[in-house]
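I have placed the structure first, in the form of structure tokens, so that the comments after it can refer back to it.
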Amino acid sequence: MKKKIKILVDGFNLGLKKGSGIKTYGMTLLDAYEILGHDVGVLMDNHFVNGKDALLDEVALFDQDEVRPVPLLNYQWFRNLKTISYFFRKRKGSLVVPKIVEPDPDNYMSKVSGQKYSYVENIADVFHTANRLYAAAKKISTIKPKKKVDIFHLTTPWPLKVKGAKTVVTIHDLIPLKVPFTTLDLKVYFYELFKWAAQSADLILSVSEHTKKDIMEIYGIPEEKIKVTYQSYKGGDIKVNEEDAAVYLQSKKLEPEKYILFVGNIEPKKNIKQLIRAFAYIKKGYKLAIVGHKAWMSDSQLVGLQSYLKKKDYVMLNYVTEEELAMLYSNAFCMVFPSLYEGFGLPVLEAMQNNCPVICSDRSSLPEVGGDAALYVDPYKFTDIRDQLEKLIANPELRQEMIEKGKKRVEFFSPENYAKRLQEAYEGLV
Numbered sequence: 518m519k520k521k522i523k524i525l526v527d528g529f530n531l532g533l534k535k536g537s538g539i540k541t542y543g544m545t546l547l548d549a550y551e552i553l554g555h556d557v558g559v560l561m562d563n564h565f566v567n568g569k570d571a572l573l574d575e576v577a578l579f580d581q582d583e584v585r586p587v588p589l590l591n592y593q594w595f596r597n598l599k600t601i602s603y604f605f606r607k608r609k610g611s612l613v614v615p616k617i618v619e620p621d622p623d624n625y626m627s628k629v630s631g632q633k634y635s636y637v638e639n640i641a642d643v644f645h646t647a648n649r650l651y652a653a654a655k656k657i658s659t660i661k662p663k664k665k666v667d668i669f670h671l672t673t674p675w676p677l678k679v680k681g682a683k684t685v686v687t688i689h690d691l692i693p694l695k696v697p698f699t700t701l702d703l704k705v706y707f708y709e710l711f712k713w714a715a716q717s718a719d720l721i722l723s724v725s726e727h728t729k730k731d732i733m734e735i736y737g738i739p740e741e742k743i744k745v746t747y748q749s750y751k752g753g754d755i756k757v758n759e760e761d762a763a764v765y766l767q768s769k770k771l772e773p774e775k776y777i778l779f780v781g782n783i784e785p786k787k788n789i790k791q792l793i794r795a796f797a798y799i800k801k802g803y804k805l806a807i808v809g810h811k812a813w814m815s816d817s818q819l820v821g822l823q824s825y826l827k828k829k830d831y832v833m834l835n836y837v838t839e840e841e842l843a844m845l846y847s848n849a850f851c852m853v854f855p856s857l858y859e860g861f862g863l864p865v866l867e868a869m870q871n872n873c874p875v876i877c878s879d880r881s882s883l884p885e886v887g888g889d890a891a892l893y894v895d896p897y898k899f900t901d902i903r904d905q906l907e908k909l910i911a912n913p914e915l916r917q918e919m920i921e922k923g924k925k926r927v928e929f930f931s932p933e934n935y936a937k938r939l940q941e942a943y944e945g946l947v
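Next up, the structure:
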């Protein structure tokens, strides 16, 4: 019988209103813990900590920052004073055990209350305070949870430790160091924080062999300290209703199998400008559906929409629900993902999960994810993307073959297989 491990997971990204790659990773991590039967808590940083009224602490977790009570003194001044005080004491908060909040399918934190995790450790502003302390003085914040913790699992590096617990950190990628011209990260801060995280962690989890190689090369971390677990996918329980999908697509002026799909932030790394140029050559009879919010330098990535396309040729969707995304994947002719660099490449997996053929970049981790179930392109050559699109359009048999291969490829990343890899990585740690 395997040991039941007491695990605390950082919940910063889990608490975000909209999706992110790390949020999805955190969600699939909690799913894996549920499969494995471990005792799991989530570390949150809500501004309200009472510690005496358990029900009040629970409902206060859902207060939004924009309705934060205005203190008597300037809040930034108050924050800075509080930051200084944390130099001199261990950080404590409140223990919240879900009891009264009703599950809400549109709010992940309430949907999983009492299911994927059994409690919340809430410490006011713990993540931002830890970042400020590290940036100002290279100080690592140590917290002391109410419950005993065997493993503190950081879903991305934070300058945090838990007293008496082993630290596991997931490093998704080192993109700000490998392709620094594609991000806005503070490069020195990123380099130093990730170096500290990699060197001080008891175990590093990587989402691909490619990222593992980057960690070893840049930070000199021994291979045996890094375990590649990849990651799984969300939405396995979402069944696309054809009638609902038809209504949704019609509302977006899309037709089944008559649009090329792109999913990802609009930023240089995602390289959508090359897809737009390629699509201009094959647009007849198809639309380009772009799902993702505008990020850094999005205008330079989208300039081709005006240069090469007309408004009737494309649809832009800023944010969609899990259900809507599944509808878009399952009805697309194919999904094109020409990213310059990825630590994993979740849209590739999500597309295959929803029977959507994939054309993607041949760089970084993407061939690991796509395997033999994707068509690959040089992301710097729009002609490569154009040629693969034309090949797929002209060959219905190839498209069906890719769908079938995608179904098999997804099995490797199933929640059960991911949980097994996670358990193997933890062996010997506690």
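In our numbering, the protein residues as written are 518 to 947.
Using N, Cα and C, we set each Cβ at its ideal position, and we do this for glycine too.
Nonlocal neighbours in the same chain, by C-beta distance under 6 Å from residue i, ignoring five residues either side
{"i": "Val557", "result": "Ile524, Tyr550 and Tyr634"}
{"i": "Arg916", "result": "Pro874 and Leu909"}
{"i": "Asn871", "result": "Ala843, Tyr846 and Ser847"}
{"i": "Asp562", "result": "Asp642, Val643 and Phe644"}
{"i": "Phe711", "result": "Pro674"}
{"i": "Asp731", "result": "Leu691"}
{"i": "Gly528", "result": "Val559, Leu560 and Met561"}
{"i": "Thr900", "result": "none"}
Simplified DSSP state of residue i, which is helix, strand or coil
{"i": "Lys523", "result": "strand"}
{"i": "Ile755", "result": "coil"}
{"i": "Asp719", "result": "coil"}
{"i": "Ser537", "result": "coil"}
{"i": "Leu842", "result": "helix"}
{"i": "Ser975", "result": "The requested residue 975 is not part of the displayed model; the chain covers only 518 to 947."}
{"i": "Ile657", "result": "coil"}
{"i": "Tyr750", "result": "coil"}
{"i": "Glu638", "result": "strand"}
{"i": "Tyr651", "result": "helix"}
{"i": "Tyr542", "result": "helix"}
{"i": "Val643", "result": "helix"}
{"i": "Tyr603", "result": "Any answer about Tyr603 is weak, because its pLDDT of 49 lies below 50 and its placement is not dependable; what the coordinates show is given next. It is helical."}
Test: residue i CB closer than 8 Å to a CB of chain C
{"i": "Asp830", "result": "The displayed structure is made up of one protein chain only, and chain C is not part of it."}
Where residue i falls, given that 16 or more other Cβ within 10 Å makes a residue buried
{"i": "Tyr603", "result": "With a pLDDT of 49 at Tyr603, under the threshold of 50, the predicted position of this residue should be treated as unreliable, and no value is reported."}
{"i": "Val820", "result": "exposed"}
{"i": "Asp816", "result": "exposed"}
{"i": "Gln791", "result": "buried"}
{"i": "His555", "result": "buried"}
{"i": "Ser723", "result": "buried"}
{"i": "Gly781", "result": "buried"}
{"i": "Gly802", "result": "exposed"}
{"i": "Asp667", "result": "buried"}
{"i": "Asn788", "result": "buried"}
{"i": "Leu703", "result": "exposed"}
{"i": "Pro697", "result": "exposed"}
{"i": "Leu701", "result": "exposed"}
{"i": "Gln905", "result": "buried"}
{"i": "Tyr897", "result": "exposed"}
{"i": "Asp548", "result": "buried"}
{"i": "Asn639", "result": "buried"}
Own chain partners of residue i with C-beta closer than 7 Å, once the 5 adjacent residues on each side are dropped
{"i": "Lys665", "result": "Lys523"}
{"i": "Asp879", "result": "Tyr893, Val894 and Asp895"}
{"i": "Leu946", "result": "Ile668, Lys683, Asp719 and Leu720"}
{"i": "Ile552", "result": "Pro932, Glu933 and Ala936"}
Boundaries (first-last residue) of the beta strand (DSSP E) holding residue i
{"i": "Glu558", "result": "The amino acid occupying residue 558 in the given sequence is Gly; Glu does not appear at that position. Counting along the chain, the beta strand (DSSP E) containing Gly558 begins and ends at Asp556 to Met561."}
{"i": "Leu677", "result": "Leu677 to Val679"}
Boundaries (first-last residue) of the alpha helix (DSSP H) holding residue i
{"i": "Gly923", "result": "Pro913 to Phe929"}
{"i": "Pro932", "result": "Pro932 to Tyr943"}
{"i": "Asp901", "result": "Phe899 to Ile910"}
8 Å CB neighbourhood of residue i in its chain, flanking five on each side removed
{"i": "Val837", "result": "Val808 and Leu845"}
{"i": "Ser537", "result": "Asn530"}
{"i": "Thr545", "result": "Gln748, Ser749, Tyr750, Lys751, Pro932 and Tyr935"}
{"i": "Tyr736", "result": "Phe711, Lys712, Ala715 and Gln716"}
Legend entry - Whole beta strand (DSSP E) elements within the stretch 855-891, 3-residue minimum: 875-878
Inset, instruction - Identify every run of the alpha helix (DSSP H) within the stretch 772-855, keeping only runs that are complete inside it and at least 4 residues long; order them along the chain. - result: 789-799, 815-825 and 839-848
Inset, instruction - Taking only runs that begin and end inside the stretch 663-748, name each unbroken beta strand (DSSP E) of 3 or more residues, in chain order. - result: 668-671, 677-679, 683-688, 720-723 and 743-745
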